[in-house]
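Residue numbers (my numbering): 3 to 414.
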């Protein structure tokens with residue numbers, strides 16, 4: 003027997019399917035809107051930036067060339083960048099290289115002798131405890147590795163010497179070795195033999211002023227001086243080559259004073275650089291940063307090619323090896339909230355006046371999403387990048403954009 007389905011059950015089925023379809027549409031809509039909202043916002047996060055520019059710098063120093071007859075071989079007594087007093091010996095002249103080799107060996111042996119005598123000093127050994135010396139070895143080793151990694155060649159030698167002293171002292175106080183008496187005696191004998199075989203220098207070349215020493219000349223010593231800063235041209239700066247003159251009579255040059263200048267060509271169309279600004283300089287030849295002051299900015303009709311001249315009073319051997327060098331001029335290091343440039347808008351904000359009234363003030367800022375609400379938040383620009391800016395953090399003022407705010411990218 004066949005029974006027909008009740009008409010009511012069909013209606014229930016239709017209604018149920020309709021509800022399911024509507025529910026599915028709502029779910030899809032929610033997911034779509036959620037994803038669309040996510041794609042239209044960007045979270046405000048902390049970021050860092052450096053405002054800097056690179057240029058080819060030309061060193062300007064007050065320099066005095068030093069020469070000699072050219073008869074004989076030079077044995078320098080001061081390194082590049084070394085400081086000399088009035089009357090200090092720059093170099094000695096010997097008939098050939100043999101005495102220079104002897105002098106170098108004497109210097110090396112003298113340093114070794116001083117280290118061994120320091121290790122065997124009774125006062126050092128009496129106060130030394132294995133645990134304390136062991137800690138000193140670890141500290142000296144860390145310092146040695148640090149100097150190596152930082153390419154600090156000036157400190158690397160003393161760090162290695164300190165490590166050697168600590169390790170040798172530990173050997174003595176733990177009876178790993180009896181003493182270094184034989185090594186000390188052998189070194190003294192060798193030094194005496196070298197001195198007996200030595201010859202006196204033909205000539206001693208001395209400094210006639212207190213100065214720093216550089217062991218080459220480049221021909222620009224009279225061209226780039228502090229009294230010619232005002233007359234330096236773009237053509238001069240472009241024509242400078244980093245060279246060292248070849249001559250049998252050149253000893254080097256004396257750098258008068260610790261204040262020096264560097265000049266280069268930068269784009270100053272936006273008036274970013276001005277005389278009096280304090281900046282940092284970083285060079286290819288040195289891992290250090292040097293404090294400097296801009297003393298002049300001028301152009302020859304085109305601000306995009308402006309001459310910038312800076313003064314610095316920090317001096318070391320790395321900075322005297324070249325006449326020209328790529329230098330980074332660092333105007334500042336900045337840390338703030340990264341704001342996409344495309345999200346920045348202007349809006350009028352009501353503020354109270356001194357007389358108790360209100361006025362509209364236009365501020366630069368962004369719109370942020372707070373749940374279902376959209377608010378305008380001010381920004382305090384401290385750095386401008388190509389497609390973003392950094393805004394200072396104002397934790398005590400809720401009218402400014404804050405960390406983790408959802409910045410709207412397409413709000414009109």
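C-beta: ideal position from N, C-alpha, C; glycine also.
No experiment lies behind these values; they were computed from the predicted model shown.
A direct Cα-to-Cα measurement between residue 70 and residue 242 gives close to 27 Å. Taken through DSSP and simplified to helix, strand or coil, residue 85 comes out as strand. For residue 199, the enclosing alpha helix (DSSP H) covers residues 183–199.
The three-state reading of DSSP puts residue 284 in strand, counting E and B together.
DSSP places residue 135 in the helix class (H, G or I) of the three-state scheme. With the rule of 3 Cβ pairs closer than 8 Å, the segment 317–334 counts as touching the segment 262–270. Excluding its 5 nearest sequence neighbours in each direction, residue 217 has C-beta neighbours in its own chain below 6 Å: 82 and 254, listed in chain order.
With 16 or more other Cβ atoms from the protein chains shown falling within 10 Å of its own Cβ, residue 142 counts as buried. Under the DSSP assignment, residue 106 falls in the alpha helix (DSSP H) whose first and last residues are 99–121.
By the CB criterion at 8 Å, residue 108 and residue 166 fall outside the cutoff. Distances from the CA of residue 193 to each of 114, 154, 248 and 146 were compared; the closest alpha carbon is that of 114. Contact between the segment 177–188 and the segment 83–99 is absent: fewer than 3 CB-CB pairs across the two stretches fall below 8 Å. A distance of 8 Å or more separates the beta carbons of residue 369 and residue 396. Short of 7 Å from the beta carbon of residue 325, and not among the five residues preceding or following it, lie these beta carbons of its own chain, in chain order: 60, 61, 220, 222, 242 and 244.
DSSP places residue 350 in the strand class (E or B) of the three-state scheme. Setting aside the 5 residues that flank it on each side, residue 87 is surrounded in the same chain by 212, each with a C-beta closer than 6 Å to its C-beta; the list follows chain order. Annotation note: the segment 46–83 contains the following uninterrupted beta strand (DSSP E) runs of length 3 or greater, listed N- to C-terminal: 48–62, 65–69 and 75–78. A direct Cα-Cα distance of roughly 36 Å separates residue 238 from residue 389. Boundaries of the alpha helix (DSSP H) harbouring residue 236: 236–241, taken from the DSSP string. Between residue 317 and residue 260 the beta-carbon gap is near 5 Å, inside 8 Å, which marks them as a contact.
Residues of the same chain with a CB within less than 8 Å of the CB of residue 358, apart from the 5 flanking positions on each side, do not exist. In the same chain as residue 136, and ignoring 5 residues on each side of it, the C-beta atoms closer than 7 Å to its own belong to 172, in chain order.
Scanning its chain for C-beta atoms nearer than 6 Å, with the 5 sequence neighbours on each side dropped, one finds around residue 355 the residues 361, in chain order. In the three-state reduction of the DSSP assignment, residue 205 falls in the strand class, which pools E and B.
Only residues of its own chain outside the window of five on either side were considered, and among them 266, 267, 268, 310, 328, 329 and 331 have a CB closer than 8 Å to the CB of residue 57, listed in chain order. Contact between residue 49 and residue 340 holds: CB atoms are separated by about 4 Å, below the 8 Å threshold. By DSSP's assignment, residue 342 forms a beta bridge with 390. Under the three-state reduction of DSSP output, residue 171 falls in the helix class. Residue pairing of residue 256 in beta bridges, as defined by DSSP: 66 and 215.
A direct Cα-Cα distance of roughly 13 Å separates residue 336 from residue 382. Contact between residue 408 and residue 257 does not hold, since the beta-carbon distance rounds to 58 Å and is not under 8 Å.
Rounded to whole angstroms, residue 296 and residue 231 show a C-alpha spacing of 12 Å. CA-to-CA, the gap between residue 350 and residue 405 works out to about 23 Å.
Straight-line measurement puts the Cα of residue 372 at about 41 Å from the Cα of residue 280. Taking C-beta atoms as the reference points, residue 214 and residue 89 fail to come closer than 8 Å.
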